[in-house]
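Residue numbers (the numbering used here): 16 to 821. A short worksheet on the structure shown next.
Rendered as structure tokens:
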């Protein structure tokens with residue numbers, strides 16, 4: 016679906032039509048349909064051979080699968096050529112492991128390649144979490160969704176990596192953003208990357224061959240017994256025309272605790288992976304009525320792979336994929352990477368609006384249990400009774416916590432929750448025959464995903480101003496609600512606000528919008544300040560999303576996995592996300608699916624379930640109270656030397672506070688970036704920088720930090736303010752001081768020639784405790800401009816890599 020969005024952005028032919036091959040996975044087609052509908056795009060679904068030729072008009076793009084949903088490997092070159100002739104961009108949905116054996120989408124002329132990296136070392140998890148991959152041509156890089164890690168250099172020329180091209184993202188472009196995706200399944204991408212590093216190109220090829228040989232061995236034996244295959248060209252999936260034996264074989268498989276895919280009443284499909292063995296092949300043969308034991312795959316020739324599509328190009332050529340193939344070396348490599356990070360195992364992470372709380376060991380243990388990690392997302396529901404209990408428990412708990420009547424667990428992130436919530440509102444208006452309602456009011460302080468999600472939902476964004484105290488300007492809200500009353504769809508409001516204060520007139524705000532026929536969407540990003548204290552469903556909003564990776568302890572993972580379930584009032588219940596594979600759950604009026612799996616990233620829901628059960632109602636309330644107390648303690652301590660930008664009643668903040676650094680910049684020339692980089696020298700991750708107000712930092716301590724750590728963090732910022740004062744007083748030079756030169760690396764500190772006017776001690780050990788426990792930045796200040804100009808990393812030579820590792 017994101018690939019279709021990219022194609023629409025870069026294609027200038029003004030078409031409203033999308034071709035999708037009918038041999039794509041059904042859930043893929045459903046998702047594209049959901050995403051296309053708000054834009055008025057027409058889906059043309061048909062076979063690749065004939066259907067594309069018959070399309071008379073230009074198209075935005077064509078989506079084809081390689082291999083397809085039945086496992087067939089077709090040469091997509093002709094289809095890609097036809098898509099291009101129709102003015103469209105060619106999108107190929109591909110299988111990562113198969114590409115070790117068959118030609119790449121790029122070699123075949125595709126513009127975009129997408130797929131799932133799950134089979135590179137990540138469990139199914141009853142739907143997730145998994146990392147996707149998204150690759151495209153150089154010319155489209157500035158229109159890609161999500162985060163891009165690009166190569167840059169630090170001020171000494173050392174290679175460094177950074178988030179690149181951020182000007183295309185939501186916090187800059189807002190409703191003009193390329194996508195509402197603001198994170199990625201980073202933790203799962205790391206797992207899949209580690210899998211590729213450990214196995215290397217030779218290991219991946221061996222796994223691909225072994226998997227394909229098992230599929231071929233099974234196919235050869237059932238073909239000899241008279242079964243007809245759907246295709247003779249396949250990689251790992253064998254689709255069999257079982258005809259009148261379908262029910263018999265399917266039921267026999269169930270009796271042997273084997274799940275087969277029933278394509279239709281006359282066809283079954285069997286997929287193999289690296290975990291399958293010869294005894295699995297023999298079991299399948301018995302299920303198909305063949306009493307024969309196969310003992311090896313030595314004589315199997317992979318003529319199931321079309322000769323004209325065999326891959327000859329190299330892959331995984333970077334030295335990192337060719338070096339760490341023992342567990343010892345892999346362990347040390349991963350440890351070196353970990354040592355480069357400032358993570359929660361080192362110090363407090365004060366990122367505002369991120370809720371970087373503890374992910375406790377007890378909560379995490381169940382995700383490694385096979386009962387949670389192994390099930391396929393489309394396993395029959397009657398086999399997943401334990402999961403069903405967990406889902407129902409969690410739904411009931413979230414309903415009780417939020418005060419809403421219904422919950423959907425399907426959205427896979429907060430941004431996806433926003434989209435699902437707005438699409439639920441859209442479906443509600445459509446059902447009321449008010450499809451004209453397409454205006455979404457959004458405060459100018461809102462997170463960038465809000466306007467991006469509204470745009471993706473087919474809504475037009477109208478910005479609402481905020482007053483000097485950071486609250487929604489009620490007069491502006493009243494005026495614009497009245498002006499757009501006939502077309503008002505929704506208001507998106509964050510509570511507590513993104514300015515870190517409780518919006519005292521939230522009830523009145525909701526009443527204003529409701530009086531004009533609109534619905535209120537509450538961004539639940541700051542729910543950690545509400546749990547056990549107030550219920551959003553009771554003070555006005557109609558729907559909100561819940562960040563399970565923030566408030567309810569699922570790890571952020573450097574950007575993912577995340578979960579963004581939505582909770583809603585009774586009148587919106589029948590419009591929540593649906594899914595073709597969940598019976599007795601779908602409504603004819605539902606908005607359609609937002610995730611390929613019916614329960615989203617189901618396996619990590621166990622983490623939030625564990626957190627809620629262990630905390631109980633008293634513990635959850637206490638956590639919110641301590642989070643608010645910690646934030647106010649920090650605000651009061653820092654207010655001695657810094658300006659706290661927004662406060663509410665009684666001069667208090669909610670669960671986070673914004674420190675205004677603009678006066679410092681004006682007086683001393685020290686920027687928020689300088690302060691953020693200087694924090695690294697003290698061993699701290701920077702707070703959220705320049706959001707929601709430029710020239711500020713936003714701090715959220717959560718309830719996980721004790722007083723000692725909070726005091727250490729406050730002491731650090733106060734000490735940095737003293738360093739700034741030394742610049743003002745002439746004790747540090749404006750052009751050469753510890754702030755503008757930060758962070759300081761051990762390489763710089765160990766040079767014989769120290770070129771600064773301040774001491775090495777002032778640079779690296781400004782506080783006594785740093786002599787006992789010191790974090791060293793792996794690189795110095797990074798060149799951001801270089802990074803945006805040189806996005807893609809070229810592979811270094813082995814010699815360069817050896818030098819770097821040393």
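By construction, the Cβ of each residue, glycine as well, lies at the ideal position given by its N, Cα and C atoms.
In chain order, 138 and 139 place their CB closer than 7 Å to the CB of residue 389, counting only its own chain and leaving out the 5 sequence neighbours on each side.
The continuous beta strand (DSSP E) containing residue 177 extends over residues 174-179. For the 9 Å CB-CB criterion, residue 299 and residue 233 form a contact. Counting along the chain, residue 277 sits inside no alpha helix (DSSP H); it lies in the beta strand (DSSP E) bounded by residues 276-279. For residue 163, the enclosing beta strand (DSSP E) has its first and last residue at 163-168. Distance between residue 49 and residue 257, taken at the CA atoms: about 33 Å.
By the Cβ-count criterion, residue 171 is exposed, with fewer than 16 other Cβ atoms from all chains shown falling within 10 Å of its own Cβ. In the structure shown, residue 594 adopts coil according to DSSP, grouped into three states. Beta-carbon to beta-carbon, residue 249 and residue 230 are separated by about 6 Å, close enough to satisfy the 8 Å threshold.
Residue pairing of residue 366 in beta bridges, as defined by DSSP: 714. About 13 Å separates the Cβ atoms of residue 681 and residue 711, ruling out a contact at the 8 Å cut-off.
In the assembly as shown, residue 678 is an exposed residue. Its beta-carbon has fewer than 16 other beta-carbons within 10 Å. In the DSSP assignment, residue 507 falls within the beta strand (DSSP E) that extends over 503-509.
The shortest CA-to-CA distance from residue 649 to any of 626, 667 and 632 is the one to 667. Under the DSSP definition of a beta bridge, residue 150 partners with 128. When secondary structure is reduced to three states using DSSP, residue 692 falls in the helix class. Using a Cβ distance threshold of 9 Å, residue 544 and residue 642 count as a contacting pair.
A direct Cα-Cα distance of roughly 29 Å separates residue 536 from residue 202.
About 13 Å separates the beta carbon of residue 278 from that of residue 246, a gap too long to meet the 8 Å contact definition. Restricted to the region 530-567, the beta strand (DSSP E) segments that are unbroken, complete and at least 3 residues in length are 534-538 and 558-560, listed in chain order. Distance from the CA of residue 669 to the CA of residue 399, rounded to the nearest whole angstrom, comes to 41 Å. Within its own chain, the residues whose Cβ lies closer than 6 Å to the Cβ of residue 161, once the five positions on either side in sequence are excluded, are 196 and 199, listed in chain order. Nearest to residue 566 by alpha-carbon distance, out of 305, 132 and 622, is 622. Ranked by Cα distance from residue 154, the options 22, 33, 346 and 259 are led by 22.
Secondary structure within the region 25-73: the alpha helix (DSSP H) runs of 4 or more consecutive residues, fully enclosed, are 41-51 and 66-69 (chain order). The region 560-576 makes contact with the region 369-381: 3 or more CB pairs, one atom from each, lie closer than 8 Å. For residue 254, the enclosing beta strand (DSSP E) stretches over residues 252-256.
In the DSSP assignment, residue 196 falls outside any beta strand (DSSP E), carrying neither H nor E. Pairwise C-beta distances place the region 705-720 out of contact with the region 770-787, as fewer than three of them are shorter than 8 Å. DSSP places residue 282 within a strand segment (E or B) once states are collapsed to three. Scanning 285, 215 and 134 for the CA closest to the CA of residue 84 turns up 285. Here the region 461-469 makes no contact with the region 610-628; the two share fewer than three CB pairs at distances below 8 Å.
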